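Below: one structure, written as structure tokens.
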Amino acid sequence: MILLLGIGLLTAFVLPCKATACRRATTDILETTSFVCECSAEYCDTIPRDVGLRAGQYVIYSSTKDRDRFHRTTYLFEDRAEHDQRFVLDASREYQTILGFGGSFTDSATMNIKSISPSAQHNLLKSYFSSEGIEYSMGRIPMSSCDFSVRVYSYDDHPGDFALEEFMLATEDISYKIPVIKEALAMSPHDIKLLGSPWSAPAWMKTNQDMVGGALMGQPGEKYYKTWATYFVKFLEAYEQHQVPMWGLTIQNEPSGAEVPFNLYSWQSMAMPPETAKDFVKRDLGPALTSNGYSHVKLMSHDDNIPSVLANSKVIYEDEEAAKFLSGIAVHWYMTKGSSTYNSLEETHQTFPDKFLLATEACEGYQPWEQPVKLGNWERGEQYSLDILQDLKHWVTGWVDWNLALDLSGGPNWAGNNVDSPIIVDAERDVFYKQPMFYHMGHFSKFIYPGSVHIDLRVESQAHTTLHSIAFKRPDNSTVIVLLNVGASIEEVTVHDPRHGYINTKLPPRSIHTFIW
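The sequence shown runs -19 to -1, 1 to 498 under mature numbering (1 follows the signal peptide of the UniProt record, and there is no 0).
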């Protein structure tokens, strides 16, 4: 692969900037359209929290394809509009409250993090979770193995153990996931919301006796489903014993992909149609969580791609007995096809307004014809931002990325399903690279705190289709706006906040900006 051939040619130099510095790595990789920031045990760029903004001031953090990463500038509001493209803020019109942003503590991600020196590990986790980083506030945890593992395992590979007396966390949990999670929890300014997701039940519980494909044996209410519900409880208890409590659970990762006879996956998966999920929740999982003291854990349905979310949610939530155990609806981005797909999120919210929507998985480089890792690719970062913006505009309350860190090949992955990640680890050199995806994520996660409320940002005069925008009111009543320019030209923009005045600004081509006041 061109990627691997080019890695040996990486060199580093410092990209100067005022508030914080990106140590910019250069490479001759042909796919590179921007650059990556290199971190080591001794050095890593930081993004300190803003403090001390005075009345009449606003700050802009800017990242551009060619030059900047979180370049910070401070300005004063003006008393008139200067540009034809205008956005008007209306803080009185409120939409959804934000739960948070984050990534996933897979086996592979935590193994990659643990593959570098302790000081480099610390810098990597600070980059994601600390107040000097992009402040992730959510984390997803696979329940036992998934494709981003180095082997296939469950927490109870003992056929016939319906009491789950042999249930035990794996080495991957004890040596990798839990230590990394605990360090992230310790450094975060937020209470990190952790959610568990199963890829498959143990093979002995399934129709095909395999963790790839198939379904649970029997029917909801019967012993296999009762045992599977107990497995969830055991998972919660085991992680709590290590001081890692869960905020949420999803019923099943991408259950539609494993449906017989068209199983789409060559890795751990399990079919569970919405009719079955409904009955499983009301007969087995919901009662098991409640009777064991876990009714506070946010149980989420779907955990699958968006196109089927409304139809599947109707099956589950129109059953009042099942609905009472569920708090939200989890979605993935892999089959997103333009406005009609996002509109289905809007319809789902309008149909079930008391159930939150949460994006729980996304990554780039997942198509079989794509190169998994593209160091420095700006377009992949833009795709993150575009999807986050559209999700947030359609009532989604947060966005959780896939692997926190992968190696130079986009793994390890036992099934060969390698993909890209916002951070790529080069263990041989004891460094890691922050991709454009990392900074695009940060323009949201760093500044839109949990508890922020989506507010109205109206296009007063026609904005170009290359501009995308959204606004929030934070818990401290400060305002955050994100503006993304995916076009090749400078865009002149005026933002009007009737309470403060006008922001007149020019957005460079291929750039993303977060405004705070």
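For glycine and all other residues, C-beta sits at the position ideal for the given N, C-alpha and C. Note that the structure is predicted; figures quoted are calculated from it, not measured.
Does DSSP put residue i in a helix, in a strand, or in coil?
| i | result |
| --- | --- |
| R67 | strand |
| D457 | coil |
| Y212 | helix |
| F51 | coil |
| T91 | helix |
| A72 | strand |
| residue 544 | Within the shown structure, residues of the chain are numbered from -19 to 498, placing residue 544 beyond reach of any answer. |
| N324 | helix |
| F261 | helix |
| E218 | helix |
| H330 | helix |
| Q364 | helix |
| L34 | coil |
| K374 | helix |
| Y414 | strand |
| I404 | strand |
| I115 | coil |
| V474 | strand |
| E164 | helix |
On the criterion of 16 or more Cβ atoms from any shown chain inside 10 Å, does residue i qualify as buried, or is it exposed?
| i | result |
| --- | --- |
| N384 | buried |
| S294 | buried |
| L266 | buried |
| T446 | exposed |
| Q416 | buried |
| T317 | buried |
| A144 | exposed |
| F453 | buried |
Using a threshold of 9 Å, state whether the C-beta atoms of residue i and residue j are closer than that.
| i | j | result |
| --- | --- | --- |
| F51 | I484 | no |
| V312 | D401 | no |
| S112 | F82 | no |
| G391 | T78 | no |
| I405 | V17 | yes |
| Y136 | P183 | yes |
| A258 | V241 | no |
| Q233 | P179 | yes |
| G177 | G238 | no |
| A101 | D411 | yes |
| N93 | L356 | no |
| Y347 | N273 | no |
| Y39 | T55 | yes |
| Q443 | Q200 | no |
| L280 | V262 | yes |
| I41 | F496 | yes |
| P255 | A292 | yes |
| E23 | R5 | no |
| R264 | L175 | no |
Would you list the one or two residues that DSSP bridges to residue i?
| i | result |
| --- | --- |
| L280 | L230 |
| N384 | S85 |
| L465 | H449 and I493 |
| G379 | G81 |
| H223 | Answer is none; H223 lacks a bridge partner. |
| L291 | Partner(s): none; L291 has no beta bridge. |
| S43 | H52 and H494 |
| A311 | H283 and L339 |
| S178 | P123 |
| K204 | Answer by DSSP bridge pairing: none, since K204 is not bridged. |
| V434 | T78 and K454 |
For the ligand MN, is there a heavy atom less than 8 Å away from the beta-carbon of residue i?
| i | result |
| --- | --- |
| C25 | With respect to the ligand MN, the structure shown offers nothing to examine, as it has no ligands at all. |
- Could you tell me whether the stretch 64 to 78 touches the stretch 435 to 445, where touching means 3 or more Cβ pairs closer than 8 Å? yes
- Query: If we count Cβ pairs, one from each stretch, closer than 8 Å, do we get three or more for the stretch 419 to 438 versus the stretch 352 to 372?
  - Reply: yes
- Query: Does the stretch 298 to 316 come within contact of the stretch 336 to 345, defined as at least 3 CB pairs closer than 8 Å?
  - Reply: yes
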